[in-house]
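If you count by the numbering used here, then the first sequence holds residues -18 to 288, one letter each, in order. Don't be surprised by glycine CBs; every beta carbon is placed ideally from N, CA and C. Note that the coordinates shown come from a computational prediction; the quantities given were computed from them, not determined experimentally. Below you'll find the structure, written out as structure tokens, and then a few comments.
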Amino acid sequence: MTLIVIGGATATGKSDLAVALAKELQGHVINADSMQLYKGMDIGTAKLSLAERQGVPHHLIDVLSVRQEASVAQYQIDARNLIDQLLEQGIPAIVVGGTGLYIKAILDDLNFPDTDPEVRERIAKEAEELGADVMHERLAALDPAAAAAIPKENVRRVVRALEVIELTGQPYTANLPRIGSSKYPHAKQFGLVMERETLQERIDGRVEKMWEQGLVREVRDLMGGGLLEGRTAQAALGYAQIIKFAQGQMTEEEAKEETKRATRQYARRQETWFSRDERITWLKKAPTQELMERILLSSNASNIGNI
RNA sequence: GGUGGAGUGGCCGAGAGGCGAGGCUCGGGACUGCAAAUCCCGCUACACGGGUUCAAAUCCCGUCUCCACCU
């Protein structure tokens, strides 16, 4: 029973590799990309077409409407359920995606405290009125450790910390666990890397291609379908920029260049995120077939891909 | 050839004698229910050569380059 996780920056070829692996192992793919969760966001999230999936079952893709908000906590439940089911049936599970937090939520001992939209909204509103300093001071009084860990400028996190404290009466854990996977200790994690320069060229090329494929059209259609109603989906790379273009806040060319730039920056953040996970075996750019062989070799040789 | 204006870090751009605006890019980092999000840190420049001054990116002289206009 095999659980393989593939992470890494955007545009490194994760999806293709996952399909190749799944075909070889007769496994299923589980998406770990927060934006591929959305129905209709196909071109801009570089979602694999049905043909490209080559008959390999993909899970947690197209499960949300653009009006809905994605949530790590929900993702954690769904993904773990799915993995457990597959493994029970003896089907290899291949988790792929660039959303580091989502992957961590599957593997590590992350327990998301409850949330309450009303409480959150109230605190967020207070933050707007009172300012970041006041909120941070409030947090410092209630939970000094959390306040020390969260910069006052990061209002979003301060608000969530205050929400959790109010809801649970417990201190807020503001630091991610650094060590070990506790949920699936035998999962085998791989990361795809390539040189910055190469990656940037691929990103630029990919954005150009998305435009040719009709990303602007896709975004316009989604705007008609409620894209602006949810908070999460409209923030996606490419989508956010095209929305601005559609609203006359920038030209189409600017939207495209902005998308490239933002994607490059995103890739950097992804690398930072994944680089701190010492469980990952890094694979340098190579043809998909070769990468797959290396993964199989690595998994079998150590036999730790088996649970 | 003449007159006027301008030359600031990868880019944009303020400053106009007294300890180096700012933004963007880029690089590094954080990250427990929006994570393709949110946020933090770093990158010491003033075309070149002289001079004045305790002190010059800021003043003076010269050189080069660019832009306008004139002949």
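Where the alpha helix (DSSP H) containing residue 120 begins and where it ends: 113 to 123
Where does residue 289 fall in DSSP's three states? Since the first residue shown for the chain is -18 and the last is 288, residue 289 is missing from the structure and cannot be characterised.
Can you tell me which of 11, 113, 271 and 112 puts its alpha carbon nearest to the alpha carbon of residue 84? 11
In angstroms, rounded to a whole number, what distance separates the CA positions of residue 33 and residue 25? 16 angstroms
Suppose only complete runs of 4+ residues qualify. What are the alpha helix (DSSP H) ranges in the segment 215 to 272, listed by chain order? 220 to 227 and 233 to 256
Tell me which same chain residues have a C-beta within less than 6 angstroms of the C-beta of residue 223, skipping the five on either side of it? 197, 200 and 236
Alpha-carbon spacing of residue 143 relative to residue -6, whole angstroms: 39 angstroms
I think residue -12 touches residue 170, with their Cβ atoms under 8 angstroms apart; what is that distance to the nearest whole Å? 7 angstroms
Under DSSP, the beta strand (DSSP E) around residue -13 begins and ends at which residues? -16 to -11
Among 130, 46 and 60, whose alpha-carbon lies nearest the alpha-carbon of residue 39? 60
Would you check if the segment -2 to 11 and the segment 92 to 105 touch, i.e. whether three or more CB-CB distances between them fall below 8 angstroms? no
C-beta atoms of residue 244 and residue 188 nearer than 8 angstroms: yes
To which residues does DSSP link residue 174 through a beta bridge? 265
Taking C-alpha atoms, which residue in 165, 254, 230 and 251 lies nearest to residue 57? 165
Can you give, in chain order, each stretch of the alpha helix (DSSP H) that sits fully within the segment 7 to 78 and has at least 4 residues? 31 to 34 and 53 to 69
Touching by the beta-carbon criterion (3+ pairs, under 8 angstroms), the segment 167 to 186 and the segment 204 to 214: no
Mind checking who residue -5 pairs with in its DSSP beta bridge? Beta-bridge pairing links residue -5 to no other residue.
Does the separation of the CB atoms of residue 127 and residue 152 fall below 8 angstroms? yes
Residue 172 versus 256, 52, 27 and 184, residue with shortest Cα-Cα distance: 256
So, with DSSP's three-state summary, where would you put residue 106? helix
Once you ignore the five residues that flank residue 105 on each side, which residues in its own chain have a CB closer than 6 angstroms to its CB? 140
Which partner residues does residue 169 have in the DSSP bridge list? -15
According to DSSP, simplified to helix, strand and coil, what is residue 159? coil
As assigned by DSSP and simplified to three states, the class of residue 190: helix
As a quick exercise: from 129, 134 and 124, pick the residue whose alpha carbon is nearest that of residue 109. 134
Alpha carbon of residue 77 to alpha carbon of residue 250, nearest angstrom: 17 angstroms
Using only CA atoms, which one of 119, 129 and 174 lies nearest to residue 147? 119
Taking a contact to mean a Cβ-Cβ separation below 8 angstroms, would you say residue 20 touches residue 45 in this structure? yes
Whose C-alpha, out of 247, 272, 268 and 260, is nearest the C-alpha of residue 79? 247
Would you identify the three-state DSSP class for residue 198, choosing helix, strand or coil? helix
Taking 8 angstroms as the cut-off, decide whether the C-beta atoms of residue 43 and residue 163 are in contact. no
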